[in-house]
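**Student:** Mapping to this note's numbering: the sequence shown position 3 is 14, numbers consecutive.
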Amino acid sequence: MIRYRPNDIQKFFCYVYEWIDNLNFCLPASDFVDDWRAYEKSAGEKFSRHGWNGEGRIELMWLPPFALGGILANGVDDFLNVVGNSWSHGLVIWHVKQARDGLSFILSSVKLSLPDFGVN
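Spelled out as structure tokens, the structure:
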């Protein structure tokens, strides 16, 4: 599921989104990687450079493959170059919801085209 090193997160794309309110499907990195503190630290540093104030819990969010077609900014081929044969596993993104204003910060290994609003 996580096939990269903590420092690789620094190359990820960061997005700020209003609002992701259902966090029931977000899981802690500690459930998936042994060195989870290093991953969370790297994600936190990247989030901070994009305006995150340090509030909230950094977690992982899974996007199933059928949900990706409309949000892959550079298309399926770019996604396949990044994930290879594991495309059927979908995409795992890093997420933190800032407590003060409810902004969600997202890190993705592939460039996404997120709408300004969840429902178009």
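Backbone N, C-alpha and C fix where the C-beta goes; we use that ideal spot for every residue, glycine too. Quick caveat, the model's predicted, so the values are computed rather than measured.
#1: Measuring CB to CB, does M72 end up less than 8 Å from F36?
#2: Just curious, the beta strand (DSSP E) that S119 is in, first and last residue?
#3: Quick test of your reading: A54 and W105, contact by CB under 8 Å. State the CB separation rounded to the nearest angstrom.
#4: Whose C-beta lies closer than 6 Å to the C-beta of N92 among residues of the same chain, with five residues either side of it excluded?
#5: Would the beta-carbon of L102 fall within 8 Å of that of L125?
#6: Name the one or two DSSP bridge partners that Y26 has.
#7: So, for L38: in the same chain, excluding its five sequence neighbours on each side, which residues have a beta-carbon less than 7 Å away from its beta-carbon?
#8: Looking at the secondary structure, which residues open and close the beta strand (DSSP E) in which K122 lies?
#9: In the structure shown, what three-state DSSP assignment does L74 receive?
**Tutor:** For this structure:
#1: yes
#2: 115-119
#3: 5 Å
#4: none
#5: no
#6: I117
#7: E70, L71
#8: Looking at the DSSP string, K122 is not in any beta strand (DSSP E), and its letter there is neither H nor E.
#9: strand
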